[in-house]
Amino acid sequence: MAMDPLLNDVLSRVDDYRQKLTALREIILANTVMCGEIPSPTFREERLVRFLADRFTENDLQNIGTDEAGNAVAMLPGTEGKNNILLAAHTDKVWEEGVDHSVTVSGDRLVGTGVADNALGVATMVGLPDILSKLGIKLKNNLILLGTSRSMGRGDLGGLRFFLENSQRQPAAAVCLEGVQLGRLSYSSLGMERGELVVESHEERSNAGWGSTGAIVTMNRVVRQILEIRTPEEPKTTIILGSIVAGSAFNTPPQRATLRFEIRSEAPGMVSEISEQIQDIVHQVNAEHQITAHYSVVARRKPGTIGFNHPYTAAARNIMEALDVKPKVAPSISELSALLDRGIPSLTLGLTYGDNKHEVNEMIYIEPIFRGLAQLVALLEVIDGDLQDEQ
Amino acid sequence: MSSSNIEKWLETNTFHHGQFWDLLSLVREKERKGLKISLCIPTLNEEKTIGKEIVIFKSELMDRYPLVDEFAVIDSGSDDKTQEVAAAFGADVYFSGDILPNQGFKRGKGENLWKAIHQLEGDIVCYVDADIKNIHPRFVYGLVAPLIYNDDMHYVKAFYDRPMAFSGGIRPSGGGRVTEILVRPLFSLFFPELTSLIQPLSGEYAVRREVLQEIPFPIGYGVETSHIIDVYMKRGLEAFAQTDLDQRVHRNQTTLSLGKMSFGILQSFLNRMEAYDMVDKLPEMSNLFRQFQAEGNRYEQVVKEIIEEERPPMETIPEYREKFGLPPLS
Chain A
-14 MAMDPLLNDV
-4 LSRVDDYRQK
6 LTALREIILA
16 NTVMCGEIPS
26 PTFREERLVR
36 FLADRFTEND
46 LQNIGTDEAG
56 NAVAMLPGTE
66 GKNNILLAAH
76 TDKVWEEGVD
86 HSVTVSGDRL
96 VGTGVADNAL
106 GVATMVGLPD
116 ILSKLGIKLK
126 NNLILLGTSR
136 SMGRGDLGGL
146 RFFLENSQRQ
156 PAAAVCLEGV
166 QLGRLSYSSL
176 GMERGELVVE
186 SHEERSNAGW
196 GSTGAIVTMN
206 RVVRQILEIR
216 TPEEPKTTII
226 LGSIVAGSAF
236 NTPPQRATLR
246 FEIRSEAPGM
256 VSEISEQIQD
266 IVHQVNAEHQ
276 ITAHYSVVAR
286 RKPGTIGFNH
296 PYTAAARNIM
306 EALDVKPKVA
316 PSISELSALL
326 DRGIPSLTLG
336 LTYGDNKHEV
346 NEMIYIEPIF
356 RGLAQLVALL
366 EVIDGDLQDE
376 Q
Chain B
31 MSSSNIEKWL
41 ETNTFHHGQF
51 WDLLSLVREK
61 ERKGLKISLC
71 IPTLNEEKTI
81 GKEIVIFKSE
91 LMDRYPLVDE
101 FAVIDSGSDD
111 KTQEVAAAFG
121 ADVYFSGDIL
131 PNQGFKRGKG
141 ENLWKAIHQL
151 EGDIVCYVDA
161 DIKNIHPRFV
171 YGLVAPLIYN
181 DDMHYVKAFY
191 DRPMAFSGGI
201 RPSGGGRVTE
211 ILVRPLFSLF
221 FPELTSLIQP
231 LSGEYAVRRE
241 VLQEIPFPIG
251 YGVETSHIID
261 VYMKRGLEAF
271 AQTDLDQRVH
281 RNQTTLSLGK
291 MSFGILQSFL
301 NRMEAYDMVD
311 KLPEMSNLFR
321 QFQAEGNRYE
331 QVVKEIIEEE
341 RPPMETIPEY
351 REKFGLPPLS
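Protein sequences appear in the order of chains A and B. Residue numbers for the first sequence, in the working numbering: -14 to 376. Residue numbers for the second sequence, in the working numbering: 31 to 360.
1. For N16 (chain A), which residues from the same chain have a beta carbon less than 7 Å from its beta carbon, with the 5 sequence-adjacent residues on both sides left out?
2. What is the C-beta distance between V158 (chain B) and L275 (chain B), in whole angstroms, given that I count them as a contact (C-beta under 8 Å)?
3. With three or more beta-carbon pairs closer than 8 Å as the criterion, would you say the stretch 37 to 57 of chain B touches the stretch 117 to 124 of chain B?
4. Going by alpha carbons, who is nearest to L72 (chain A) out of A:R249, A:I225, A:T89 and A:N126?
5. Quick one: list the residues of chain A neighbouring E114 (chain B), beta-carbon separation under 7 Å, in chain order.
6. List the residues of chain A whose Cβ lies closer than 9 Å to the Cβ of I86 (chain B), in chain order.
7. With R40 (chain A) and A323 (chain A) assumed to form a contact (beta carbons below 8 Å), what rounded beta-carbon distance in angstroms separates them?
8. Skipping 5 residues on each side, what residues in its chain have a beta carbon closer than 7 Å to that of D77 (chain A)?
9. Does the beta carbon of S(-3) (chain A) come closer than 8 Å to any beta carbon on chain B?
10. C161 (chain A) bridges to which residues according to DSSP?
11. Leaving aside the five residues before and after E77 (chain B) along the sequence, list all residues of the same chain whose C-beta is less than 6 Å from its C-beta, in chain order.
12. Just checking my contact of V34 (chain A) with G132 (chain A) at CB under 8 Å: how many whole Å lie between their CB atoms?
13. Against F119 (chain B), what residues of chain A qualify as contacts under a CB-to-CB distance less than 9 Å, listed in chain order?
14. Give me, in chain order, the residues of the same chain whose beta-carbon lies closer than 7 Å to that of S292 (chain B); leave out the 5 immediate sequence neighbours on both sides.
15. What does K78 (chain B) touch in chain A if you count any residue whose Cβ is under 7 Å from its own?
16. Return the CA-CA distance between A193 (chain A) and V184 (chain A), expressed in angstroms with no decimal places.
17. Look up V90 (chain A) in the DSSP assignment and say whether it is helix, strand or coil.
18. Please give me, in chain order, every unbroken run of the alpha helix (DSSP H) with length at least 4 that falls completely inside the stretch 245 to 326 of chain B.
19. Spatial neighbours of H148 (chain B) within its chain, please: C-beta separation below 7 Å, excluding the five flanking residues on both sides.
20. If we call anything under 8 Å between Cβ atoms a contact, is L336 (chain A) one with G164 (chain A)?
21. Within the continuous alpha helix (DSSP H) that includes D122 (chain B), where are the two ends?
22. Would you say the stretch 172 to 184 of chain B touches the stretch 50 to 59 of chain B, given that touching needs at least three Cβ pairs under 8 Å?
23. Hey, would you say G66 (chain A) sits closer than 8 Å to L128 (chain A), going by beta carbons?
24. Measure the beta-carbon distance from M177 (chain A) to I318 (chain A) and round it to whole angstroms, keeping in mind my assumption that it falls under 8 Å.
25. Compare the Cα-Cα distances from N205 (chain A) to each of A:P312, A:D326, A:A231 and A:L46 and report the closest residue.
26. Could I get the ranges of all uninterrupted beta strand (DSSP E) runs contained in the stretch 208 to 290 of chain A, with 3 residues as the minimum, in chain order?
27. Whose Cβ in chain A lies nearer than 9 Å to the Cβ of E59 (chain B)?
28. Can you tell which of B:Q297, B:K60 and B:F322 has its C-alpha closest to the C-alpha of P332 (chain B)?
29. So for P316 (chain A), helix, strand or coil by DSSP?
30. Comparing the C-beta of S55 (chain B) with each C-beta of chain A, is any distance below 8 Å?
31. Using a threshold of 8 Å, state whether the C-beta atoms of V88 (chain A) and G21 (chain A) are closer than that.
32. What are the uninterrupted segments assigned as beta strand (DSSP E) that are 3 or more residues long and contained completely in the stretch 32 to 73 of chain A, given in chain order?
33. Which same chain residues, not among the five before or five after T148 (chain A), have their C-beta less than 8 Å away from its C-beta?
34. So R94 (chain B) contacts chain A; which residues on that side make the cut at Cβ distance below 9 Å?
35. What does the Cβ neighbour count give for T368 (chain B), buried or exposed, with the cut at 16 atoms within 10 Å?
36. So, is E254 (chain B) buried or exposed, given that buried needs 16 or more other C-beta atoms within 10 angstroms?
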């Protein structure tokens, strides 16, 4: 693989890219503002997808479309077009439609719901044709731009999975974009299972009140038992308790309690092992009088990796260092896993620094965006050259 | 002046921004006619919203589609970071007092709009307020497009007519509180045709230079009202057009500050009456009050006859005088 000369070449240009791209500041920020201000909760992303398709059209891309899974897709043809490189950014946000989506642009930052997750990622994806043309770069391979729908939570990567299962143009490599944090380098995905556990108490209504225990007490016991499950430190494995919902009054024990959690592990098989132990706890509860428990799996992923020493990982680290960005290696549980599952070498990158992710004052810094963009272009050039050599 | 004239005008001179979505064609038409377009944002302490306006307008209306040729922020001396933020995003920022220094400096939005005519060079000047939270390119192209396509239109006003929640069918429409309580009744009485403007006070409008240079500018709240009367007296209703820009999100004003605003508007209104020699020669006052309702994108006036009839003092009534033992009037 003749990557080193190309990589060196790219590294020598990357800071120049950063400088040149500052001329696109208004275009990038305007795209980010507009992508941020269109509400797009998971499963209701149509308006943002429509906006992306319009932008693709304005940039004269090919094969523009929205598919039945709600993705927005377009292709920037390569000069030779032998392979396809996928650039993906998820279109859904964690915010419901009724929430104020307005974005504020002040001197050094953008503030607003969803600017980091994932307005900037989407804006960069859709702005890539402008970015490449500003730098005078023409890729040899086709670049597929994909706004992936139904990614988060219960969406469970629905859009990306649909695309990978049904697209005529299978990617030979992929890059996924997240707004924050610059330096993020994900080349592996964790095994993961997201579950919802519901406890219901069937005590007679008339008894509710004095002496009745309700679902909270049972749920409390379930939680204690889950916490007693032994998880190995190496390979890294954790159970994250994410949400617990029960009751609404001071003095009425609720009949129902819901727990949401996620099991993550770097080790193959470990997630299923823990999941079985949790199901044993559920069976135990069900054996009790007047109480039922039910466990459902919301999402599941297999662990995967391209490896720390994969040429793409190595190139990404070198590019970041050339831009004075400290690489932060972290496994992913999102888009990357669907790609690695299918053996597509892929990385996830962050684009700038920011803060307050998933809070109303979610914020990203403007200046580091240009390093984030330069890093992305450089990596795409490396991947492009590498795929060409493989022919 | 007649209702049918108003209806006709509403039909031909009222637009929705969606009609002008094709920016490429709009830019071509602008270039074909050799028009230059200037955008002016008057500011006073708008650091929270100004950055976004500049970024959006510059990206979409200069870089992507070259509709706007020049773009200036004219500031009345903000003491927050308005000027700094605006300059950081590449806008030309002027302190109003530095333009035409020999004419002195008055603090007020109208001053900035007036100085813009001298500072900017466009054939069409588009004014957009800086306090809009949901800024979008339509706030500019929706207003300049009617002027680019129609040579006989001179002054295009924005109106906003998308309520947050509405169940369908016919809905009441119109402007803000000051429009509906003060301006629309005044126009209904004295300039009934001007009631066709759904939001005469909106701060977003595009105007041809030849019109801007021939009218005076009140410095404060009355600038929009005064413009409308002057343009109407010189060029008639045909010179106007209006575009529906959907929703505009901005901060809400207290009743007290609306009172201040109304006082300023009333001053300007009476000034114009004086200028046109109408103060002691009031025209016959109309009894018809004109409001709006809308169905989809169709607007129609709802005309109500409101006659404030009057009774004389009781002591002039013979029956009364007789009953209470007053001597009969001769």
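We treat Cβ as the ideally placed atom computed from N, Cα and C, and that holds for glycine.
Taking the coordinates as given:
1. The residue given as residue 16 (chain A) occupies position 31 in the first sequence. The residues are A108, V111 and G112.
2. In the second sequence, residue 158 (chain B) corresponds to position 128, counting from 1. In the second sequence, residue 275 (chain B) corresponds to position 245, counting from 1. 10 Å between Cβ atoms; not a contact.
3. no
4. In the first sequence, counting from the first residue as 1, residue 72 (chain A) sits at position 87. Cα-wise, what sits closest to L72 (chain A) is A:N126.
5. The count along the second sequence starts at 1 and reaches residue 114 (chain B) at position 84. Within chain A, the residues near E114 (chain B) are G92.
6. Residue numbering aside, residue 86 (chain B) sits at position 56 when the second sequence is read from its first letter. Simply E11, L14, A15, V18, M19 and V90.
7. Within the first sequence, residue 40 (chain A) is the residue found at index 55, counting from 1. Within the first sequence, residue 323 (chain A) is the residue found at index 338, counting from 1. Contact doesn't hold; Cβ gap of about 24 Å is too wide.
8. In the first sequence, residue 77 (chain A) corresponds to position 92, counting from 1. S25, P26, T27, E30, S134, R135, S136, M137 and G140, listed in sequence order.
9. For the purposes of this step, residue -3 (chain A) is identified with residue 12 of the first sequence, where counting begins at 1. No, no contact with chain B.
10. Here residue 161 (chain A) corresponds to residue number 176 of the first sequence, with the count starting at 1. Answer by DSSP bridge pairing, in chain order: A:A73 and A:T333.
11. Position 47 of the second sequence holds residue 77 (chain B). Taken in chain order, the residues that qualify are D110, K111, T112 and V115.
12. Here residue 34 (chain A) corresponds to residue number 49 of the first sequence, with the count starting at 1. Here residue 132 (chain A) corresponds to residue number 147 of the first sequence, with the count starting at 1. Indeed, because the Cβ distance is near 6 Å, the residues count as touching under 8 Å.
13. Translated into the one-based positions of the second sequence, residue 119 (chain B) becomes position 89. In chain order: R10, E11, L14, V90 and G92.
14. Within the second sequence, numbered from 1, the residue matching residue 292 (chain B) stands at position 262. Closer than 7 Å at Cβ, skipping near neighbours: V208 and L212.
15. Counting from one through the second sequence, the residue named residue 78 (chain B) turns up at place 48. Simply T89.
16. Sequence index remark: in the first sequence, residue 193 (chain A) carries index 208 (1-based). Sequence index remark: in the first sequence, residue 184 (chain A) carries index 199 (1-based). Its pLDDT being 49, under 50, A193 (chain A) is placed unreliably in this model, and the value from its coordinates should be taken loosely. Going from the Cα of A193 (chain A) to the Cα of V184 (chain A) covers about 16 Å.
17. Taking the first sequence and counting its residues from 1, the one referred to as residue 90 (chain A) is at position 105. Three-state DSSP puts V90 (chain A) in a strand.
18. 253 to 265 and 285 to 305
19. Here residue 148 (chain B) refers to the residue found at position 118 when the second sequence is read from its first residue. Excluding sequence neighbours, H148 (chain B) sits near I129 and L130.
20. Position 351 of the first sequence, counted from the start, is the residue given in the question as residue 336 (chain A). Position 179 of the first sequence, counted from the start, is the residue given in the question as residue 164 (chain A). Yes. Within cutoff.
21. Taking the first residue of the second sequence as 1, we reach residue 122 (chain B) at position 92. It is not in any alpha helix (DSSP H) - D122 (chain B) instead sits in the beta strand (DSSP E) that spans D122 to F125.
22. yes
23. Translated into positions along the first sequence, residue 66 (chain A) becomes position 81. Translated into positions along the first sequence, residue 128 (chain A) becomes position 143. No; because the gap between Cβ atoms is not below 8 Å, this pair is not in contact.
24. In the first sequence, counting from the first residue as 1, residue 177 (chain A) sits at position 192. In the first sequence, counting from the first residue as 1, residue 318 (chain A) sits at position 333. That pair is a contact at about 5 Å.
25. As a first step, residue 205 (chain A) is located in the first sequence; it is residue number 220 there, counting from the start. Cα-wise, what sits closest to N205 (chain A) is A:A231.
26. 222 to 231, 241 to 250 and 276 to 286
27. Residue numbering aside, residue 59 (chain B) sits at position 29 when the second sequence is read from its first letter. Within 9 Å Cβ-Cβ: nothing; E59 (chain B) doesn't reach chain A, min ~18 Å.
28. On the second sequence, residue 332 (chain B) is found 302 positions in, with the first residue counted as 1. As written in the sequence, residue 332 (chain B) is Val, which differs from the Pro given in the question. Among B:Q297, B:K60 and B:F322, the Cα nearest to that of V332 (chain B) is on B:F322.
29. Within the first sequence, residue 316 (chain A) is the residue found at index 331, counting from 1. Looking at P316 (chain A) - three-state DSSP - the assignment turns out to be coil, as it is neither helix nor strand.
30. Translated into the one-based positions of the second sequence, residue 55 (chain B) becomes position 25. No, S55 (chain B) does not count as interfacial toward chain A.
31. As a working note, residue 88 (chain A) is residue 103 in the first sequence. As a working note, residue 21 (chain A) is residue 36 in the first sequence. Yes.
32. 47 to 51 and 57 to 61
33. The residue given as residue 148 (chain A) occupies position 163 in the first sequence. Per the sequence presented here, residue 148 (chain A) reads as Phe, with Thr not at that position. Excluding residues within five positions, the ones whose Cβ falls inside 8 Å are D52, A54, N56, V58, L131 and T133.
34. Within the second sequence, numbered from 1, the residue matching residue 94 (chain B) stands at position 64. Those are I12, A15, E43 and D115, listed as they occur along chain A.
35. Nothing can be reported for residue 368 (chain B), as the shown portion of chain B is limited to 31 through 360.
36. Residue mapping note: residue 254 (chain B) aligns to position 224 of the second sequence, counting from 1. Buried, since its Cβ has 16 or more Cβ neighbours within 10 Å.
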